[in-house]
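Here is the structure we will look at, set down as structure tokens.
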Amino acid sequence: MFMGTMDVHKLPEPAWCRFFQITLSGAARFWYDNLPPGSIDNFHELRNKFRNKFMQQRRFKKTQAEILGIRQHADESLKDYLARFGKETQHMTDRLDGMMTGAFISGLRPGKLFKDFIARPPTSLEDMYLQVTNFIRAEDANNEN
């Protein structure tokens, strides 16, 4: 779409590189803003570097079966597990609340939070994140005292 728009307006190729950044956000914009000065010679090179960086991520989206296999590591804090779980599931297109909460809970190491979830299952993914965040805050407060 971007290339079609640029071609219709008959803009010179250097302008394509400048306008390309306007279409970016998030990780893609961060990547673009941190390209070393002088590392791109033309739009063709920019397009290829962008594709190499971001198109591979699209090909390797996690399936539901892979999400169900995410486990909290023995030396991993709850905070780190929550962050990793969020990162590994962020590009899923079929994020069903029940499947996501079940996957997160089944991946927890045995402990108080796991028991709390079994006794009182979260009503939604948002509820689960809220409970986990509150549990982490309580743990942090206990560790400070």
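Using the UniProt record's numbering, count along the sequence shown one by one with no gaps and you end on 145. Every residue gets a Cβ at the ideal spot worked out from N, C-alpha and C, and that includes glycine.
Cβ-Cβ distances below 6 Å link methionine 100 to Leu125 in the same chain, with the five nearest sequence neighbours on each side left out; the list follows chain order. Taking C-beta atoms as the reference points, threonine 89 and isoleucine 105 fail to come closer than 7 Å. Between the segment 73-85 and the segment 105-114 there are three or more inter-stretch CB-CB distances shorter than 8 Å, so the stretches are counted as touching. Per DSSP, the continuous alpha helix (DSSP H) segment holding alanine 103 begins and ends at 97-107. Here arginine 71 really is in contact with glycine 107; their C-beta atoms are around 5 Å apart, less than 8 Å. When secondary structure is reduced to three states using DSSP, aspartate 94 falls in the coil class, being assigned neither helix nor strand. Taking a 10 Å sphere around the C-beta of alanine 27, we find fewer than 16 other C-beta atoms and assign the residue as exposed. For lysine 115, the uninterrupted alpha helix (DSSP H) segment begins and ends at 112-119.
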